[in-house]
Structure formats: structure tokens, C-alpha cells
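K.L.:
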Amino acid sequence: MKQNITPFARQVYLITQMIPHGKVATYTDIAIKMGKPKAVRAVGNALHNNPEMIVIPCHRVVNIKGGLAINFGFHGQDGQKELLEKEGVEVVSGTVNLDKYRIRELK
DNA sequence: AAGTTGACGACGA
DNA sequence: CTCGTCGCCAACT
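Reminder that position 19 of the first sequence reads as 4 in the working numbering, one-by-one numbering, no gaps.
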């Protein structure tokens, strides 16, 4: 366990922490920010690594549909949904309104 | 080194 | 809207 996270993943974590409070970003947005809009899957993989999931607001990262990944990153706890609502993001059935909460400054 | 997997996206039916 | 398939990238086995 010498080799920690790869540079690619590290970049993903930085961008994830970059997401402002009360907003959400899509995997694609992060990939675009890295300059690889098609590496969206690699981004998801990197987040799955999530070595600092306490620090990384992965609950603010959603897919293109606005669906949260609470099914994975939080041991099945849907408390993340409330956390997002607490930040001002309305979550319906684990889905957020991208038209209102999807960050654009990230691009 | 090669093949498989995966927190995805887009398109077709 | 749901299901299936292809594509694309990095990590894992």
C-alpha cells in the first residue's frame, strides 16, 4: 500500500471538493473540467476509490439525470439526501433538478 | 501484458 | 419511461 491514489483520481477529488455549497455537479462536468469529457467513467471509478470520503462531498456529485449515488458511497444510508436538502438542494426520489442546481461555473 | 469491471452517457427500440 | 448496446477512460485482477 505504498502507491496511494493516482494523479487522475486526485484531480477528481480536487474538483469534487470544488463544488460550492448548495450546488451539484455531474460526472460529465468534472470530466470536462479535467479536459476529458469522455473520461466520465474513469471519474466515477476514481470517486469510488474515495479515500477521503469524509472530506469529499461525493453526495454533491450526480449523474446526468441528477440521480444521486447514495446507493453506493454511504452504505445505503439515504441521509445524504437530507444533507443536500439542508444545503438548499431539493431532492426528489434521490434526484435533483439539474436546471437549477447543476453548477455552471465549473465549466 | 491482457481481459474484465465500473459512482456513466448517448442512442435505438 | 425502461431495457439493451456501444463507446470511452482508468483501475483492478
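By construction, the Cβ of each residue, glycine as well, lies at the ideal position given by its N, Cα and C atoms.
Check for me: the alpha helix (DSSP H) holding Arg(-5) runs from which residue to which?
P.N.:
Unbroken alpha helix (DSSP H) run through Arg(-5): -8 to 3.
K.L.:
Given this structure, state the Cα-to-Cα distance separating Val47 from Thr11, to the nearest angstrom.
P.N.:
Distance between the alpha carbons of Val47 and Thr11: 5 Å.
K.L.:
Over the uninterrupted alpha helix (DSSP H) stretch that includes Phe57, give me the two end residues.
P.N.:
Phe57 -> alpha helix (DSSP H) spans 55 to 58.
K.L.:
Please classify Ala24: does DSSP put it in a helix, a strand, or coil?
P.N.:
Three-state result, Ala24: coil.
K.L.:
Given a cut-off of 8 Å, decide if Gly58 and Val81 are closer than it, judged by their beta-carbon atoms.
P.N.:
Result no, Cβ atoms of Val81 and Gly58 do not sit closer than 8 Å.
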